[in-house]
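In the working numbering, each residue's number is its place in the sequence shown (first place is 1) plus 12. Backbone N, C-alpha and C fix where the C-beta goes; we use that ideal spot for every residue, glycine too. Here the structure is a predicted model, which means the values were calculated and not measured. As structure tokens, the structure follows; a few thoughts come after it.
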Amino acid sequence: MAKSVPLDFPSLRQFAERPALTDGQHSLSYQQLAEQVSQLANWLQQLPAQRFAISGPNSISWIIADLALAVSDKICVPLPRFFSAAQQAYILDTAAIEIVLETEPLAGSIASTVPGLWYRQVPQSGTHDVPTFPISSGKVTFTSGTTGSPKGVCLSWAQQAATLAGLVKALGAEFSAEAQQQQLRHYCLLPLSTLLENQAGVYLPLALGQQIIVLNESQSGLSGSSKLDLAQLAQSLAQYQPHSLILTPQLLQALLLICQQQRALAASFRFIAVGGAHCAPALLAQAAQLGLPVYQGYGLSEAGSVVALNLPAANRPGSVGKALPHIQLRINAGQIEVQGQLYAGYLGEAARDADSWLATGDLGQLDSEGYLNIDGRNKQLLISSFGRNISPEWLEAELQLCPAIAQAMVCGDAKPWLSALIVPRSAKQLTQLSAQLQALNARLPDYAQIRTALLLNEPFSSQNQQLTDNGRLRRQHILARYQQPLERLYHLTPATAEPVLVPLNQEHRDELLSAIN
């Protein structure tokens, strides 16, 4: 399958002797990185295989594999480590993957030509034809979405180059000059199989001549998509003093807790991007009080992961910023639509019309200066039995501000009041949790107050099919899992001021009581 490969990194030649990558034990200069990418690309070009997956934890070799597949004109499919075994098998089968490049050796793996990278061939079943790839496909990113099996979004290398160029242009010459002159350091915290970290956490820092800190899960403290060892993250941030990070709102909350204890750490940051879900304005205000340069953005896999972004020279807290230069935005019947250099199509489907507008499913508004404000998801809107329309994401962002809450999902469609599924940060904080919810209700309108809460003993994660690959709640899966105990909440008669907290079951109730006592 022939396609152009315009995704190039002149910085690999421009910044030859600068440090490019470090994993805490090994480091590569830009020249050494260029040599290893070229070496692997030459090897890949000699193989008849066209469809490759990358699997394994964040590492230097993961980045080399990704860049080499771009250079060698192959199809690259990042395999989310936090997907279930069934989802990973589905991807390998659906995309007819021929070879998996692995950053850790597994049974049957063979060493490649690059240190720290192995490969294994995937037997082809022969039971179905190779799926349709839009002709310009370069990278296929699988998103689990809110329901159903993972869906392959096909991006051309040209589209990824356009997103990169848009980011560089939006950041401006001043930021680019600072990044190059001061050798800023970016810390890859999110999994590299996440398109946002892949694009804005690897391609962008390399284009700007930055050094990338790429640590494995035990070093960073973040495993899967949501399991976080706060102490380990704090230790690694203190050790490497990065200048930039990409975070979800939940990880921003964790960073705030760390910076409250390590005030000097906040001063090292130059740019912290937050996306993936709605972020409460108060959380951004707390970051500002600590001096953290946090900028909220908005993106879609279909648009190469970034659509709009607040910037140092154009920041409006509460919004998600202005569209990148290569993207056009409009609001149609309240829904955000995008146009520009977008995805080539979905795996197994016909190529999309490049001139068509893409309906995002997100509700929003554009102000007079072009800043985009997100109002929530169209299909996630709750309508109470009293006829009030409520965006659950708004309230979930408010719940992020409760220190005793690790995760939360709001529900109550066609119900007389709202309930929340809550993962407590600690069983010993249940007394604080009740007080925090009561304080939250005091500042919410009556129709939006959380009257009952089901306390869970298992966090939402991609492993249990309750989070998407970019950390969004898979609401239908969660509702199906907790349908019966949720229904029991509506047999209660909660007081307005004091929300009723209900453990998932008697066994969980005993565990909580034991922890409190």
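- Straight through space, the alpha carbons of Y310 and P162 are spaced by roughly 21 Å.
- A check of alpha carbon separations from V286 across L433, L201, A460 identifies L201 as the nearest.
- Here DSSP, grouped into helix, strand and coil, assigns P69 to coil.
- C-alpha of P22 to C-alpha of Q222: approximately 13 Å in a straight line.
- Only buried fits S149, as 16 or more other CB atoms lie within 10 angstroms of its CB.
- Straight-line measurement puts the Cα of Q353 at about 7 Å from the Cα of A174.
- A straight line joining the alpha-carbon of L452 with that of V112 spans about 48 Å.
- Listed in chain order, the alpha helix (DSSP H) elements of length 4 or more contained wholly in the stretch 432-480 are 442-454.
- Going by beta carbons, P261 and F281 fall outside the 8 Å limit.
- Sequence-distant Cβ neighbours of P217 in its own chain, meaning closer than 6 Å and more than five residues away, are H198, I224.
- For F283, the enclosing beta strand (DSSP E) starts and ends at 283-286.
- DSSP links Q99 through a beta bridge to no other residue.
- Under DSSP, the beta-bridge partners assigned to D374 are R389.
- Closest option to L234, judged by alpha-carbon separation, among L449, Q51, A266: A266.
- In the DSSP assignment, W429 falls outside any alpha helix (DSSP H) and carries neither an H nor an E.
- If you ignore the 5 residues before and after Y494, its C-beta comes within less than 7 Å of the C-beta of L433, L466, all in its own chain and listed in chain order.
- Between L375 and N390, the beta carbon gap of about 5 Å places them in contact (Cβ cut-off 8 Å).
- Per DSSP, the continuous alpha helix (DSSP H) segment holding K181 begins and ends at 169-194.
- Under the three-state reduction of DSSP output, Q353 falls in the coil class, being neither helix nor strand.
- Rounded to whole angstroms, the gap between the alpha carbons of L277 and E209 is 22 Å.
- Within 10 angstroms of the beta-carbon of H255 lie 16 or more other beta-carbons, which makes it buried.
- Where I270 is concerned, the enclosing alpha helix (DSSP H) starts and stops at 261-273.
- Every beta strand (DSSP E) stretch that sits fully inside the stretch 271-343 and reaches 3 residues is listed by chain position as 283-286, 306-310.
- Approximately 6 Å separates the beta-carbon atoms of A460 and L407; this is inside 8 Å, confirming the contact.
- Look at Q58 here: in three-state DSSP terms it is coil, with no helix or strand label.
- Shown here, R132 sits in a strand according to DSSP, grouped into three states.
- Within the DSSP bridge table, the entry for G164 names F154 as partners.
- CA-to-CA, the gap between L430 and R455 works out to about 15 Å.
- For the pair A53 and A97, the CB atoms are not nearer than the 8 Å cut-off.
- Exposure of I147 is indicated by the presence of fewer than 16 other C-beta atoms within 10 angstroms of its C-beta.
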